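Engineer: Chains as they are written, first to last, in the working numbering: chain A, 1 to 271; chain B, 272 to 540.
Have a look at this one before I ask anything.
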Amino acid sequence: MNPSWYWPTPSGKPPLTAVLSIVLPIAVLILTASTVDMSYNKIFYALPRMLDFAKNLWVIPDWQYLPQLGTKMLETVEMTLLATMLAVIISMPLGILAAKNASPHPWIFRMTRDLLSFIRALPELVWALVFVSALGLGPLPGIMALALVTVGFMGKFIAESIEVVSAKAIEGLESTGCNKLQSILYAMLPQAVPDFIGSLLYILDHNLRAASILGLVGAGGIGYDMVMSMRLFNYERIGMIALSIYALVTLLDRLSDVFRQKAIGGILNVH
Amino acid sequence: MYIYTQKRPVMAYISLREVCKVYPNGYCALKNINLDIEAGQFIAVLGPSGAGKSTLLRAMNALDPATQGEITIDGVTLNKKNYRKIRAHIGMVFQQFNLVDRLNVMTNVLVGRLAEHSWLSSLFYLFPKTDYQIAEAALREVDLLDKAWSRADKLSGGQQQRVGIARALAQQPKLILADEPIASLDPKASEEVLKLLRKICSEKGITIIINLHQVEYAKQYADRIIALNAGDLVFDGSPEQLTAAKQAEIYGTTAEEIYYEPELVLANA
Numbered sequence: 001m002n003p004s005w006y007w008p009t010p011s012g013k014p015p016l017t018a019v020l021s022i023v024l025p026i027a028v029l030i031l032t033a034s035t036v037d038m039s040y041n042k043i044f045y046a047l048p049r050m051l052d053f054a055k056n057l058w059v060i061p062d063w064q065y066l067p068q069l070g071t072k073m074l075e076t077v078e079m080t081l082l083a084t085m086l087a088v089i090i091s092m093p094l095g096i097l098a099a100k101n102a103s104p105h106p107w108i109f110r111m112t113r114d115l116l117s118f119i120r121a122l123p124e125l126v127w128a129l130v131f132v133s134a135l136g137l138g139p140l141p142g143i144m145a146l147a148l149v150t151v152g153f154m155g156k157f158i159a160e161s162i163e164v165v166s167a168k169a170i171e172g173l174e175s176t177g178c179n180k181l182q183s184i185l186y187a188m189l190p191q192a193v194p195d196f197i198g199s200l201l202y203i204l205d206h207n208l209r210a211a212s213i214l215g216l217v218g219a220g221g222i223g224y225d226m227v228m229s230m231r232l233f234n235y236e237r238i239g240m241i242a243l244s245i246y247a248l249v250t251l252l253d254r255l256s257d258v259f260r261q262k263a264i265g266g267i268l269n270v271h
Numbered sequence: 272m273y274i275y276t277q278k279r280p281v282m283a284y285i286s287l288r289e290v291c292k293v294y295p296n297g298y299c300a301l302k303n304i305n306l307d308i309e310a311g312q313f314i315a316v317l318g319p320s321g322a323g324k325s326t327l328l329r330a331m332n333a334l335d336p337a338t339q340g341e342i343t344i345d346g347v348t349l350n351k352k353n354y355r356k357i358r359a360h361i362g363m364v365f366q367q368f369n370l371v372d373r374l375n376v377m378t379n380v381l382v383g384r385l386a387e388h389s390w391l392s393s394l395f396y397l398f399p400k401t402d403y404q405i406a407e408a409a410l411r412e413v414d415l416l417d418k419a420w421s422r423a424d425k426l427s428g429g430q431q432q433r434v435g436i437a438r439a440l441a442q443q444p445k446l447i448l449a450d451e452p453i454a455s456l457d458p459k460a461s462e463e464v465l466k467l468l469r470k471i472c473s474e475k476g477i478t479i480i481i482n483l484h485q486v487e488y489a490k491q492y493a494d495r496i497i498a499l500n501a502g503d504l505v506f507d508g509s510p511e512q513l514t515a516a517k518q519a520e521i522y523g524t525t526a527e528e529i530y531y532e533p534e535l536v537l538a539n540a
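Structure (structure tokens):
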């Protein structure tokens, strides 16, 4: 390297903290990888079997299954949308209470935050197990599990997007003698809208994928079919299911890109 | 200290008595300020950065309440319970405009009416017809009625500041506090804003207290000039009384600070 090149620090050397924060974690992870059975031999010897599995997928799809696949995919989408809508309605007030600058009292802020992280502590599948044992098999426990976990995440996202809102507009409102609720409604929420939309689209994407595996525990959606065909080595179906989930997620991704551009570019006006 | 003493009016519109402001970090931004302001005047506050000009204004509407002393506005003394009530009739204009960027101009002006409404009507973003009439009149006053339905952040700096003034007018205030309203504006927009504020003061009899960095503007527009330095009131008088010598005292000499050049760090690398 050319000896007259320096890092932009007083000494011209890379900052110690930056070097350590990169080198140390990597060193620690390499040394501890064996505790989780991270073995290169194992991966290497498993390769042929993975190839076998991939080869098995090259079969003529089970066209008879198509109508049921359609219904199940629709059910998955419906579960996703319903759960997300329910969650957004519930998480809006919770998110406001969990935002430091909007919460009416530090205790309420702390309690709401803790409640939200408690909800998030268990993944959808575990909550689904709980609801399946209470409500029986079917999409309803799936929707409830999904909505619950989404409240946990969406509430946190909403709180965080309210917290980073510019304090100037809030001050502008407060100078007119507004009360707290009015400054939340007129200064904080409108400014947080682009962030809300971003989180909502992310959550939708996440929920679609979550909804497609909830069937694993009998909570509706395409997941049940997927697991059953895996267990029965029904390769004619596995490929179809995987492809249709992929297609749906991609479609949603494209749609959300378009929507996000419009929302943040200001074409979608709030008021 | 050169305190210009004037005859105190019997009942001043605004009166500050021994007002002090100490920030939590121990910094004393206002030291024992006594001040009387008559209604309907245009008052410019001068002083170097950090002199306490903003603190003084923000103490008057309790955005940064004073830590000691008494502030009385229109016969009401500020205390912790009447902040919101007092602010409702004090407009404030900010250096950075402090509008809600994503809302349209009309909504930004209607915000000036919110203090009069209950939380329920606010919840649905509803305003009565009379509020729209007040807001329209305010927008006409600042000559921005044609921009009523544009988004606030689509406007130029000068226009945004006029929206800020319209929001203050929508409060139907008796007093407007303008905290360096032209510091972010170009010279042309600055003059427009100052002329507008002067007109509002002269025609509507609204008292205006404005923080400025430009002595010339203060002399041109103000009825009375107040100057602060390091939290002390160092000048209080008419524009004519603010001589060049007084100006030098207000701002001090900072030549050394300005021409101080830090050592070039990379030169020896």
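Backbone N, C-alpha and C fix where the C-beta goes; we use that ideal spot for every residue, glycine too.
All figures in this text were calculated on a predicted structure; none of them were measured in a lab.
What do you reckon, are the CB atoms on Phe196(A) and Ser229(A) nearer than 8 Å?
Structural biologist: Residue numbering aside, residue 196(A) sits at position 196 when the first sequence is read from its first letter. Residue numbering aside, residue 229(A) sits at position 229 when the first sequence is read from its first letter. Contact: no.
Engineer: Restricting to runs no shorter than 4 residues, where is the alpha helix (DSSP H) found entirely within the stretch 150-236 of chain A?
Structural biologist: DSSP runs (the alpha helix (DSSP H)) wholly in the stretch 150-236 of chain A: 167-174, 180-183, 189-211 and 223-231.
Engineer: Mind listing the chain A neighbours of Asp372(B)? Cutoff is C-beta to C-beta under 9 Å, in chain order.
Structural biologist: Taking the second sequence and counting its residues from 1, one reaches residue 372(B) at position 101. Under the 9 Å cutoff, chain A gives Ser166, Ala169, Pro190 and Gln191.
Engineer: Quick check: the stretch 432-443 of chain B against the stretch 353-366 of chain B, are there 3 or more CB pairs under 8 Å?
Structural biologist: With the cut-off at 8 Å, the stretch 432-443 of chain B and the stretch 353-366 of chain B touch.
Engineer: Please compile the residues from chain A whose C-beta is within a distance smaller than 7 Å of the C-beta of Gln431(B).
Structural biologist: Numbered from 1 along the second sequence, position 160 holds the residue referred to as residue 431(B). Per Cβ cutoff of 7 Å: no residues; Gln431(B) is ~11 Å from chain A at best.
Engineer: Per the DSSP calculation, Leu287(B) is bridged to which residue(s)?
Structural biologist: Residue numbering aside, residue 287(B) sits at position 16 when the second sequence is read from its first letter. Leu287(B) pairs with Leu306(B) and Ile342(B).
Engineer: Using CA coordinates, which residue listed in Lys100(A), Leu116(A) and Ser117(A) is at the minimum distance from Phe109(A)?
Structural biologist: Your numbering for residue 109(A) matches position 109 in the first sequence. Nearest option by C-alpha distance: Lys100(A).
Engineer: So, do the stretch 33-43 of chain A and the stretch 215-232 of chain A have three or more beta carbon pairs nearer to each other than 8 Å?
Structural biologist: Counting Cβ pairs under 8 Å, fewer than three are found: no touch.
Engineer: In chain A, what lies closer than 9 Å to Ser393(B) by C-beta?
Structural biologist: Here residue 393(B) refers to the residue found at position 122 when the second sequence is read from its first residue. Per Cβ cutoff of 9 Å: Cys178, Asn179, Leu181, Gln182, Leu185 and Tyr186.
Engineer: Look up Asp335(B) in the DSSP assignment and say whether it is helix, strand or coil.
Structural biologist: Along the second sequence, read from residue 1 onward, the residue named residue 335(B) stands at position 64. Of the three classes helix, strand and coil, the one that applies to Asp335(B) here is coil, per DSSP.
Engineer: Where does the unbroken alpha helix (DSSP H) through Arg358(B) begin, and where does it stop?
Structural biologist: On the second sequence, residue 358(B) is found 87 positions in, with the first residue counted as 1. Counting along the chain, the alpha helix (DSSP H) containing Arg358(B) begins and ends at Tyr354 to Arg358.
Engineer: Could you tell me which chain B residues have their CB closer than 7 Å to the CB of Leu173(A), listed as they occur along the chain?
Structural biologist: Counting from 1 along the first sequence, the entry for residue 173(A) is found at position 173. By Cβ distance, chain B contributes Val382.
Engineer: Report, in whole angstroms, the separation of the C-beta atoms of Phe131(A) and Ala147(A), which I expect to be a contact under 8 Å.
Structural biologist: In the first sequence, the residue the question calls residue 131(A) occupies position 131. In the first sequence, the residue the question calls residue 147(A) occupies position 147. The Cβ separation is near 10 Å, so there is no contact.
Engineer: Please confirm if Met331(B) has its CB atom under 8 Å from at least one CB of chain A.
Structural biologist: Mapped onto the second sequence, residue 331(B) falls at position 60. So, not an interface residue.
Engineer: Using a Cβ-Cβ cutoff of 8 Å, what residues of the stretch 320-349 of chain B are near chain A? List them in chain order.
Structural biologist: Against chain A - using a Cβ distance shorter than 8 Å - the residues of the stretch 320-349 of chain B are Asn332 and Leu334.
Engineer: Helix or strand or just coil, what does DSSP make of Asn350(B)?
Structural biologist: In the second sequence, the residue the question calls residue 350(B) occupies position 79. In this structure, Asn350(B) counts as coil in the three-state DSSP scheme.
Engineer: Are any of the Cβ atoms in chain A nearer than 8 Å to that of Gln443(B)?
Structural biologist: Locating residue 443(B) in the second sequence gives position 172, counting from the first residue. No, because no Cβ of chain A sits closer than 8 Å to the Cβ of Gln443(B).
Engineer: Give the DSSP bridge partners of Ile481(B), in chain order.
Structural biologist: Position 210 of the second sequence, counting from 1, holds the residue named residue 481(B). Ala315(B) and Ala449(B).
Engineer: Determine the burial state of Ile60(A): buried for a count of at least 16 other Cβ atoms within 10 Å of its Cβ, exposed for fewer.
Structural biologist: Position 60 of the first sequence holds residue 60(A). Per the 10 Å Cβ criterion, exposed.
Engineer: Of all the options Ala493(B), Phe313(B), Asn350(B) and Leu415(B), which has the alpha carbon lying nearest to the alpha carbon of Ala330(B)?
Structural biologist: Translated into positions along the second sequence, residue 330(B) becomes position 59. Of the candidates Ala493(B), Phe313(B), Asn350(B) and Leu415(B), the one whose C-alpha sits nearest the C-alpha of Ala330(B) is Asn350(B).
Engineer: I want to know whether the stretch 402-411 of chain B touches the stretch 337-355 of chain B - three or more CB-CB distances under 8 Å.
Structural biologist: Because the criterion of three Cβ pairs below 8 Å is not met, the stretch 402-411 of chain B and the stretch 337-355 of chain B do not touch.
Engineer: Going along chain A, which residues have a C-beta under 8 Å from Phe359(B)?
Structural biologist: Translated into the one-based positions of the second sequence, residue 359(B) becomes position 88. One detail in the question is off: residue 359(B) reads as Ala in this sequence, not Phe. Simply Thr176 and Gly177.
Engineer: Near Ile245(A), what residues of its chain come up, given a Cβ to Cβ distance below 6 Å and the 5 sequence neighbours on each side ignored?
Structural biologist: Numbered from its first residue, the first sequence carries residue 245(A) at position 245. Taken in chain order, the residues that qualify are Ser212.
Engineer: Counting only beta-carbon separations shorter than 8 Å, does Ala386(B) have a partner in chain A?
Structural biologist: For the purposes of this step, residue 386(B) is identified with residue 115 of the second sequence, where counting begins at 1. So yes, Ala386(B) belongs to the interface.
Engineer: Under a Cβ-count criterion, where at least 16 other Cβ atoms within 10 Å of its own Cβ denotes burial, should Met50(A) be classed as buried or exposed?
Structural biologist: Working through the first sequence from its first residue, we reach residue 50(A) at position 50. With fewer than 16 Cβ atoms within 10 Å of its Cβ, Met50(A) is classed as exposed.
Engineer: Taking only three categories from DSSP, how would you classify Met38(A)?
Structural biologist: Within the first sequence, the letter at position 38 stands for residue 38(A). In the structure shown, Met38(A) sits in coil (DSSP, three-state: anything other than H, G, I, E or B).
Engineer: Assuming Ile357(B) and Val290(B) form a contact by the criterion Cβ under 8 Å, report the distance between their Cβ atoms to the nearest whole angstrom.
Structural biologist: Counted from its first residue, the second sequence places residue 357(B) at position 86. Counted from its first residue, the second sequence places residue 290(B) at position 19. Not really, about 15 Å apart at Cβ, beyond 8 Å.
Engineer: Residues in the same chain with beta-carbon distance under 7 Å from Leu135(A), minus the five sequence neighbours each way, listed in chain order, please.
Structural biologist: Residue mapping note: residue 135(A) aligns to position 135 of the first sequence, counting from 1. For Leu135(A), where only same-chain residues beyond five positions count, the Cβ hits under 7 Å are Pro141.
Engineer: Let me check understanding here. Comparing Cα to Cα, which of Gly152(A), Gln261(A) and Pro139(A) lies closest to Gly95(A)?
Structural biologist: For the purposes of this step, residue 95(A) is identified with residue 95 of the first sequence, where counting begins at 1. Closest option to Gly95(A), Cα to Cα, is Gly152(A).
Engineer: Take the Cβ of Leu16(A) as the centre, count every other Cβ of all protein chains shown within 10 Å, and call the residue buried at 16 or more, exposed below.
Structural biologist: Working through the first sequence from its first residue, we reach residue 16(A) at position 16. Classification of Leu16(A): exposed, given that the 10 Å Cβ count is below 16.
Engineer: Which class does Ala454(B) belong to by DSSP, given the choice of helix, strand or coil?
Structural biologist: What you label residue 454(B) is simply residue 183 of the second sequence in a count that begins at 1. Note: Ala454(B) maps to coil in three-state DSSP.
Engineer: At the 8 Å Cβ level, is Phe398(B) part of the contact set with chain A, yes or no?
Structural biologist: The residue labelled residue 398(B) in the question sits at position 127 within the second sequence. It does not: the Cβ of Phe398(B) has no partner Cβ on chain A nearer than 8 Å.
Engineer: Consider the Cβ of Lys292(B): report whether some Cβ of chain A lies at a distance smaller than 8 Å.
Structural biologist: Numbered from 1 along the second sequence, position 21 holds the residue referred to as residue 292(B). Output row for Lys292(B): interface = no.
Engineer: Identify every run of the alpha helix (DSSP H) within the stretch 385-459 of chain B, keeping only runs that are complete inside it and at least 4 residues long; order them along the chain.
Structural biologist: Runs of the alpha helix (DSSP H) inside the stretch 385-459 of chain B: 390-394, 400-412 and 428-441.
Engineer: Measure from the C-beta of Lys356(B) to each C-beta in chain A and report whether the shortest distance is under 8 Å.
Structural biologist: On the second sequence, position 85 is the one that residue 356(B) refers to. For Lys356(B), the answer is yes, since a Cβ of chain A falls inside 8 Å of its Cβ.
Engineer: What residues of chain A sit near Gln367(B), judged by a beta carbon separation below 7 Å?
Structural biologist: Position 96 of the second sequence, counted from the first residue, corresponds to residue 367(B). Near Gln367(B) (Cβ distances below 7 Å), the residues of chain A are Lys168.
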